Structure formats: structure tokens, C-alpha cells
Amino acid sequence: MADDGSLSDRIDALEMRLSYQDETIETLNQTVTAQWKQIDTLTRQIAALSERLQQAESSVATPANERPPHY
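The C-terminal position of the sequence shown is numbered 107 in our numbering, with every residue numbered one higher than the one before it.
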């Protein structure tokens, strides 16, 4: 069977492609996981900064539109 060499070559090529795709998927998975961790960290920082801003704004005694006392 002359076809056996060709079939074996095709199977080898498919196995190499599968191996490369598995490696690529794992790399992409690690990248996505790292990005989600970073997004989570940034989301928490934004929430904390938003809370601090609201606290700072509520602690201001005089409204922004009020005339200063020297007028």
C-alpha cells in the first residue's frame, strides 16, 4: 500500500497542528485569566475612588455656587 506513507504523513501533520493548537489555547487561557484579574483589580480601585470622591463631596460645607463672605 503506497497510501500508508501518505496517511502516516497526514496523521503526523494533524498531530503537530493539534499540539500547536493546544499550546496556543493554553497561552490564550493564561492571558485571559491575567486580564480578568487585572480588570477585577481596576474595578475595585475605581469603586474605592468613587466612594472616596462621594465622601469628599459630601463633606464640603459650602455649596460651589455660594458667594464668598467678602462680597
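Using N, Cα and C, we set each Cβ at its ideal position, and we do this for glycine too. Since the structure is predicted, the reported quantities are computational estimates derived from the model, not experimental observations.
Taking the Cα positions, residue 59 is about 12 Å away from residue 67. If you draw a straight line from the Cα of residue 44 to the Cα of residue 80, it comes to about 54 Å. Per DSSP, reduced to three states, the secondary structure at residue 103 is coil, with no helix or strand assignment.
Taken through DSSP and simplified to helix, strand or coil, residue 68 comes out as helix.
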